[in-house]
Amino acid sequence: MSPPVYLVDDDRAVRDALCLLLSTVGIDVRSFPGPEEFLQALPALEPGCLILDIRMPVISGLKLQERLAGSGVDWPTVVISGHGDIEACRKAFRNGAIDFLSKPVDEQDLIDAIQKGQTALGKAAAKQAEREETRALIAGLTPREHEVLSLVARGFATRDIATALAVSPRTVESHRAAIGAKLGTTSPAEMTRLWIEAEDTP
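In the numbering used here, the protein residues as written are 501 to 702.
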């Protein structure tokens with residue numbers, strides 16, 4: 501099922517028109533009359549694609565973008581405006597917008613932008629699932645295997661690891677074999693990639 505779309509626009513006529521358009525093409529859309537209502541609902545929302553009006557009272561679409569980015573919410577965002585200018589467009593893209601559309605919004609342009617955002621969300625979700633799987637594999641290593649793997653990831657050869665840990669090269673090889681069995685690879689390059697991926701902050 502495709503990720504949902506969240507429309508934030510203070511113009512009810514625009515909200516109604518865009519919700520009708522998107523629902524007729526099978527897009528799950530939920531609308532909000534302003535950023536305050538959206539932010540209040542945000543903790544309970546699943547990741548989705550945002551459509552933000554650039555000019556709204558109290559909190560503008562650009563300010564909402566900045567607030568979301570500051571709290572770690574980087575959902576794909578389409579910014580729409582009836583008063584768009586080059587500077588606003590630049591700010592929107594700097595804040596991570598995937599598209600900037602002028603009102604009246606071209607229906608196909610909006611649908612294309614949303615589909616682009618949904619594809620990006622799908623890739624991000626797949627990447628996150630892969631990262632969590634890798635972390636689970638790394639978590640299954642013993643403390644000593646963790647040490648060995650961290651040194652492998654830093655480019656240490658077996659003899660260097662043995663010296664660093666004050667054990668024999670044969671012991672290191674035994675640990676590397678166990679690590680390889682748990683991670684499904686004996687390649688130092690692949691082990692390094694998995695280590696970095698597990699350490700990476702999502």
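Glycine included, every Cβ here is placed at the ideal spot set by N, Cα and C.
Cβ neighbours of residue i in the same chain (closer than 8 Å, five flanking residues each side left out)
i	result
A662	S668, P669, T671 and V672
V558	G534, P535 and E536
A569	N595 and G596
F593	F600
Cβ shell of residue i (< 7 Å), same chain only, five flanking positions each side left out
i	result
Q618	S502, P503 and C549
K591	L562
Minimum C-alpha distance to residue i - residue among the options
i	options	result
R676	D700, E697, E699 and P643	P643
E647	T692, K563 and L522	T692
G655	I696, P557 and S602	I696
T634	D700, Q608 and K563	D700
E607	I679, A666 and V514	V514
L520	R567, P543 and L610	L610
L649	T686, E632 and A620	T686
P547	I554, V529 and M556	V529
L522	V573, M556, R512 and Q615	Q615
S560	A613, D660 and F538	F538
Q540	R512, D553, L518 and V508	V508
D553	I598, G680, K603 and I586	K603
A689	A681, V652 and A629	V652
L542	D516, A517 and D574	D574
L545	R555, F532 and M556	F532
Start and end residues, beta strand (DSSP E) containing residue i
i	result
A597	A597 to S602
R530	V529 to F532
Residue i - containing alpha helix (DSSP H), residue span
i	result
D609	E607 to A639
S523	R512 to T524
I679	P669 to L683
A577	Inspection of the sequence shows that residue 577 is occupied by Thr rather than by Ala. It is not in any alpha helix (DSSP H) - T577 instead sits in the beta strand (DSSP E) that spans T577 to S581.
T663	T658 to L665
Chain-order list of residues whose beta-carbon lies under 6 Å from that of residue i (same chain, five-residue window excluded)
i	result
V605	I580
A698	T634, R635 and I638
I679	E645 and L649
Environment of residue i [buried if 16+ CB atoms lie within 10 Å]
i	result
S571	exposed
I527	buried
V505	buried
T658	buried
V525	exposed
Q565	buried
I586	exposed
A613	buried
field: Ranges of the alpha helix (DSSP H) found wholly within the segment 533-574, counting only runs of at least 4
entry: List check, alpha helix (DSSP H) in window: 535-541 and 561-570.
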